[in-house]
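What follows is a set of notes on a single structure, which appears directly below.
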Amino acid sequence: MIWLTWRQFRIQAWVAVVFAAVVAAALAATGPALYDLYRSSGFADCTADCGEIARNFTAQATDALNTTLYVVGTGALLLLPGLVGIFWGAPMVAREVETGTHRLVWNQTVSRRRWLVVKLVTVGLATVVVAVTISAVVTWWTVPLDEAGPGRMYPAVFSARGVVPIGYAAVGFVAGVVIGMVVRRAIPAMAVTLLAVALVQAVVPFVVREHLVTPVSATAAFDPSKIEQLGIHPDNRIDVTQGPPVRGAWVLSNTMAGPDGKEYHGPSDPVKCGRAGGPQECEQWLAGQNLRQEVTYIPPDKFWALQWREFGLLAVIAVLLSVFSLWWIQRRVA
Amino acid sequence: MSSVITTTGLTKRYGRRTALSDCTLHVPAGHVVGLVGPNGAGKSTLLQLTCGLLTPTAGTIEVLGETPHTGSPRIGFVAQDTPVYGNLTIAEHLRFGAHLNPGWDQALAEGRIAELGLDPAQRAGKLSGGQRAQLALTLAIAKRPELLLLDEPVAALDPLARREFLQGLMAYAAEHGTSVVMSSHLVADLERVCDHLIVLVNSRVRVDGDVEELLGTHHRLTGPRRDPSTLGPGRHVVQASHTDVQSTLVVRSTAPVDDPTWASDRLDLEDLVLAYMTEAGAHGRDRVLEKR
Chain Y
1 MIWLTWRQFR IQAWVAVVFA AVVAAALAAT GPALYDLYRS SGFADCTADC GEIARNFTAQ
61 ATDALNTTLY VVGTGALLLL PGLVGIFWGA PMVAREVETG THRLVWNQTV SRRRWLVVKL
121 VTVGLATVVV AVTISAVVTW WTVPLDEAGP GRMYPAVFSA RGVVPIGYAA VGFVAGVVIG
181 MVVRRAIPAM AVTLLAVALV QAVVPFVVRE HLVTPVSATA AFDPSKIEQL GIHPDNRIDV
241 TQGPPVRGAW VLSNTMAGPD GKEYHGPSDP VKCGRAGGPQ ECEQWLAGQN LRQEVTYIPP
301 DKFWALQWRE FGLLAVIAVL LSVFSLWWIQ RRVA
Chain B
1 MSSVITTTGL TKRYGRRTAL SDCTLHVPAG HVVGLVGPNG AGKSTLLQLT CGLLTPTAGT
61 IEVLGETPHT GSPRIGFVAQ DTPVYGNLTI AEHLRFGAHL NPGWDQALAE GRIAELGLDP
121 AQRAGKLSGG QRAQLALTLA IAKRPELLLL DEPVAALDPL ARREFLQGLM AYAAEHGTSV
181 VMSSHLVADL ERVCDHLIVL VNSRVRVDGD VEELLGTHHR LTGPRRDPST LGPGRHVVQA
241 SHTDVQSTLV VRSTAPVDDP TWASDRLDLE DLVLAYMTEA GAHGRDRVLE KR
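Quick note, the sequences are listed as chains Y and B, same order. First residue of the first sequence: 1, per the UniProt record's numbering; consecutive thereafter. First residue of the second sequence: 1, per the UniProt record's numbering; consecutive thereafter.
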């Protein structure tokens, strides 16, 4: 059974090996130079007020090659679940049913369940190996640039670092198998799998993730030097936000409260903050308004805790889908 | 005589559609059994229930003394359209057969492939319909099953390939004493090779029995027009057709019909099966003859 699985899977396996090897080799070759720059720019050892150093480092490090590698590495991990779902998962049962060969193979001396278990384990392991390889190299390579940029807590970046890509890839693969089994036709199953995986990749980061760890809620007095955005409307309404207290945090909500405790939107003083006054005058005037920043965020030191919890959730989903597929193949597919 | 297949009230429904209805059968061991009926009669359903690919909606089925399940070493199944893996070579098919079947007879498999003049390095996707059917049959018999099921194995073959396939099958069955159940929608395919027959029309078994016995007990009677019900006890009218002056009846009767007003003829197997199919059609629920 393992031989047959390998014989049917070997072309896809080689494609994946070549793909993973190319990505890993490119990152391994350019990583040391990136880390040299990381250290020589002083950014690696910087502990406080690193904004300027970070900007300098980013400007030097993001040449065309590194920018491409950053996008390709991150993109590869974000696309991997969809790709394994479409090309490895969905056709696994659907193609057999479509060509009638399930009637051939299930009438050998091997039960349907064992046939499926061997296939799930073999191709599932291949999925995990590919995800581990690419994610390990990408996670290592992107540390300096993530630190200088929006940070690895940023939702799309978080999904492409650490252990969660393994979880997404596993869910993508098993979801593909289950959808193929239920839809019974390869091409429609591939399309449905693409949609399902995209849905998981949107719902988990933007709906579920924030509930996996307890966010930090903080209140801070308004500090004009930390203004992130300042907008003044013609009707004197004002929108002001202040940067989060911790660098690289994933900010869930960030509002400015007025003296009454409600969200502050002015009205602003047309003299200080209008066309006549400069930005500094307006900021000084705002400082006198008794404003408070109310912010909820997940700090970057929760990165690994959140990674493992999300990975655990995805692993449970993958196992439940596998159990369902073993039940379904015995009852429903013929 | 022991049975290889015993069914009681076996029924299979797909949603509202009934594919097989209240089927009660005993298929004796050591025979080559023909399962005949028009397309859509339920032949594939019955065979897939027998090999365990399908589970019954109602009723019971026992095959070789146990509830059928796929993955049994005792049943060989050649599915409709004789599926094989198009991108695997013949040798790779034999290899996976050897991997997946503990009772695999590699010598038998290789011998058959050589006898057929097939190149083991050839991809199965490039084989002709007849060669593909032979490969599927080779896979099914090299696992050395006690019961071999074939679902319309020759439907897509030309007459020569049909004959070669059936000869190969017969030679194997005779040599190893394997029970065979083979379906077809053409009686002519089964006539030469089967010694037991099951006629399935419109999801119901119409008649089943030993071929010699069926031929011996069915008669075509032609005579002046009369009501078939006046024929007397022990005579079952299978089919009746009338003109203004004449009646033609197909009758099942153990005793010979010696009424001098009737001209009695023997039927050949095709006529017999057709009589049952026509009768099923005349009773309205489907249009068997138009399908043919």
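We put the beta carbon where it would ideally sit given N, CA and C, even for glycine.
Status (buried if at least 16 other CB within 10 Å, exposed otherwise) for threonine 222 of chain B:
exposed
Within 8 angstroms (strictly less), CB to CB, does tryptophan 14 of chain Y reach chain B?
no
Residues of its chain near glutamate 290 of chain B, where Cβ-Cβ distance is below 7 angstroms and the 5 sequence neighbours each way are ignored
In this predicted model, glutamate 290 of chain B has a pLDDT of only 38, less than 50, meaning its place in the structure is not dependable; the value taken from the coordinates is given anyway. The answer is none, since no qualifying residue turns up.
Quick check on the burial criterion: 16 or more other C-beta atoms within 10 angstroms. Buried or exposed for aspartate 49 of chain Y?
exposed
Closer than 9 angstroms at the beta carbon, the chain B residues around methionine 1 of chain Y
Phe96, His99, Leu100
Can you confirm whether valine 211 of chain B, when its beta carbon is compared against all beta carbons of chain Y, has any partner nearer than 8 angstroms?
no
Return helix, strand or coil for tryptophan 140 of chain Y, following the three-state DSSP convention.
helix
Do the region 94 to 101 of chain B and the region 136 to 154 of chain B meet, that is, are 3 or more Cβ pairs less than 8 angstroms apart?
yes
Shortest alpha-carbon distance to leucine 127 of chain B belongs to which of B:Gly86, B:Val33, B:Ala114, B:Arg162?
B:Gly86
Chain Y within 8 angstroms of lysine 291 of chain B, Cβ atoms only:
In this prediction, lysine 291 of chain B has a pLDDT of 38, which is less than 50 and means its spatial position is unreliable; what the coordinates show is noted afterwards. No, lysine 291 of chain B does not count as interfacial toward chain Y.
With a threshold of 8 angstroms, are at least 3 pairs of Cβ atoms found where one atom belongs to the region 179 to 197 of chain B and the other to the region 35 to 51 of chain B?
yes
Inter-residue CB distance, valine 295 of chain Y and valine 323 of chain Y (contact presumed, cutoff 8 angstroms)
Incorrect: roughly 42 angstroms between the Cβ atoms, too far for contact.
Looking only at DSSP bridge pairs, what is cysteine 23 of chain B linked to?
B:Leu10
Which residues of chain B have a Cβ atom closer than 7 angstroms to the Cβ of valine 110 of chain Y, listed in chain order?
Gly71, Leu100
Cut-off 8 angstroms between Cβ atoms - residues of its own chain near leucine 313 of chain Y, not counting five sequence neighbours on either side
Gly167, Val204, Val208, Leu212
Taking Cβ positions only, does leucine 116 of chain B come closer than 8 angstroms to chain Y?
no
Hey, does leucine 320 of chain Y have any beta-carbon neighbour from chain B nearer than 8 angstroms?
no
To the nearest angstrom, how far is it from the Cα of alanine 61 of chain Y to the Cα of glycine 71 of chain B?
59 angstroms
Hey, how far is the Cα of threonine 58 of chain Y from the Cα of serine 41 of chain Y?
10 angstroms
CB-CB length for glutamate 191 of chain B against glutamate 270 of chain B, believed under 8 angstroms:
7 angstroms
I want to see whether chain B comes within less than 8 angstroms of tryptophan 6 of chain Y, judged by CB atoms only; does it?
no
How big is the Cα-Cα spacing for aspartate 244 of chain B and arginine 332 of chain Y?
55 angstroms
Within 8 angstroms (strictly less), CB to CB, does cysteine 51 of chain B reach chain Y?
yes
With burial defined as no fewer than 16 other Cβ atoms inside 10 Å of the residue's Cβ, what is the status of serine 44 of chain B: buried or exposed?
buried
Pair every Cβ in the region 182 to 199 of chain Y with every Cβ in the region 262 to 270 of chain Y, then say whether three or more of these pairs are closer than 8 angstroms.
no
May I have the straight-line CA-CA distance separating arginine 10 of chain Y from alanine 131 of chain Y, to the nearest angstrom?
18 angstroms
Under 8 angstroms between C-beta atoms, does tyrosine 14 of chain B make it to chain Y?
no
Could you please give me the residues that DSSP links to arginine 220 of chain B through a beta bridge?
B:Val250, B:Asp265
When you compare only the Cα positions, how much space is there between residue 343 of chain Y and isoleucine 187 of chain Y?
Beyond the ends of chain Y as shown, which are 1 and 334, falls residue 343 of chain Y; an answer cannot be given.
Between the alpha carbons of tryptophan 328 of chain Y and valine 240 of chain Y, how many angstroms are there, rounded?
55 angstroms
If we ignore side chains and look at the alpha-carbon of each, how far apart do lysine 12 of chain B and glutamine 134 of chain B end up?
30 angstroms
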